[in-house]
Amino acid sequence: MLQVASMAGRRGEALASPLERCVARAFSSRPAASGSRLAALRETLAAEAAAPGLVLPSLSSGGSDERRVRKPVERKPEWLRVPMAGGEEYQRLKNSLRSKKLATVCEEARCPNIGECWGGKKGTATATIMIMGDTCTRGCRFCNVKTSRAPPLPAEDEPENTADEIASWEVDYVVITSVDRDDLPDGGAEHYARVVRRVKARKPSMRIECLTPDFNGRSGLDGVALVARSGLDVYAHNIETVERLQKTVRDRRAGYAESMAVLEAAKRANPDVVTKSSIMLGLGEEAHEVRQVMRDMLDRGVEIFTLGQYLRPSKRHMPVVRMVPPAEYDEWQREGMAMGFKYVASGPLVRSSYKAGEVFLEGFLKDRDEQRDIERMGKAAPPRPVELARSGVWQPAEAMQSK
């Protein structure tokens, strides 16, 4: 306001711009002629249109000039666009989850594949169920799930209710995951085991994958062993990123060594269980660091590995360093298979629970079970390849249909 007053007081001086003349007239003590202020405003607007580089004087920073610059809209690459979620099967599954008040990581983490995973044909739709509530005790910089030091305690009968609902679905494969619950005595390990046991009792043919936290600071590796022996088919635990970026990306209570220990302990507790892990790309990792993660995974018996693009959920989360093009994911898929993984799902929109991996795992597990049955009968049989419904490299549905 001091600047405006000084401008208004310079009645006999030549003003520097039409805007200053307009402001001076507006605050002048002289009687204004009829319509003079409107004429001055029109004059100012015309001058601004003729001189787009005009800088408006700041009225709040002691006279310093500020230019308001509109930030460019960040547009995602073409390969990250997906169809809008919808369809009869999508709506059926969504309504079923709502009626039972079940939370899914598909929704909580804003997964881009929700339409494809939920909207498949009857019997193929897949949802990743999140048990023990929707509020996490940790705060990773990439994750969109709500956080709290003391979230509400899970209901005592949640495992049974969740398992009964899962068993009623017309699906062959289900993923069970959870938020971190460092507030619980065992980190939630017994909760996982109860869900798995109940589902297997109700529907033995259903394949179950558990994507678990590390239970660090609570039941730890004992909790890992408890879940691994509960009757599940696939034990998954995500390492998320390369070793160098662990403390930047994940909560301080998580770590590279801790996650590797989880995967190793699960395999040791139950050699028959398939182990699986995942990392995000685009966080600033180097190629040699990704290769080291893959070697460390193989050394600990991990059989399934997935790679996908990190997408920033909001401005509060860490920014994307690089959008990795599809061709690089193709290379990682080939390199991972050559290194010795049983399966590598790699693509911009691949997530650890993406159904492309589940389609493979369903066939992989059936093949493994058949081989074991033959071995028990004392007959030798060469391993037969599993036919995949999709490529290991993610491709848009439109591209697949055009082939």
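In UniProt numbering, the protein residues as written are 1 to 403.
Backbone N, C-alpha and C define an ideal beta-carbon position, used for all residues, glycine too.
Taking a cut-off of 8 Å for Cβ pairs, the segment 342 to 349 and the segment 257 to 267 do not touch, as fewer than three such pairs fall below it.
Comparing alpha-carbon positions, the option among Lys200, Asn216 and Asp251 lying closest to aspartate 172 turns out to be Lys200.
Pairing alanine 266 with cysteine 210, the inter-Cα distance amounts to about 11 Å. Taking a cut-off of 8 Å for Cβ pairs, the segment 162 to 181 and the segment 324 to 341 do not touch, as fewer than three such pairs fall below it. Between the segment 138 to 153 and the segment 189 to 196 there are fewer than three C-beta pairs closer than 8 Å, too few to call the two in contact.
Rounded to whole angstroms, the separation of the alpha carbons of leucine 263 and glutamine 333 is 21 Å. Collapsing the DSSP output to three states places glycine 223 in a helix. Per DSSP, the beta-bridge partners of valine 274 are Val234. Per the Cβ contact rule, the segment 132 to 139 is in contact with the segment 179 to 186 (3 or more Cβ pairs under 8 Å). Within the DSSP bridge table, the entry for valine 174 names Ile208 as partners. Bridge partners of methionine 280 according to DSSP: Gly308. For arginine 291, the enclosing alpha helix (DSSP H) has its first and last residue at 287 to 299. Residue environment analysis places proline 326 among the buried positions, since at least 16 neighbouring C-beta atoms fall within 10 angstroms of its C-beta.
At least 8 Å separates the beta-carbon of valine 234 from that of threonine 241.
The beta carbon of glycine 282 sits closer than 7 Å to the beta carbons of Gln309, Tyr310, Val320, Val321, Arg322, Met323 and Val324 from its chain, once the five residues preceding and following it are set aside; these are given in chain order. Looking at the backbone, the Cα of valine 195 and that of lysine 276 are separated by about 20 Å. Between the alpha carbons of aspartate 369 and glutamate 328 lies a distance of about 34 Å. Counting only the Cα atoms, valine 145 lies some 10 Å from proline 313. According to the DSSP assignment, histidine 317 belongs to no alpha helix (DSSP H), since it is labelled neither H nor E.
If you draw a 10 Å sphere on the C-beta of glutamate 303, you find 16 or more other C-beta atoms in it, and that means buried.
Note that the C-beta distance between alanine 254 and valine 227 is not below 8 Å. Taking C-beta atoms as the reference points, serine 168 and arginine 197 fail to come closer than 8 Å.
In this structure arginine 252 is not in contact with glutamate 289, their Cβ atoms being roughly 20 Å apart against a cut-off of 8 Å. Minimum Cα-Cα distance from aspartate 214 among the listed residues Arg138, Gly284, Ile208 and Gln292 corresponds to Arg138.
By a beta-carbon distance limit of 8 Å, valine 293 contacts isoleucine 239. Their separation comes to about 6 Å. Within the DSSP bridge table, the entry for glutamate 240 names Ile279 as partners.
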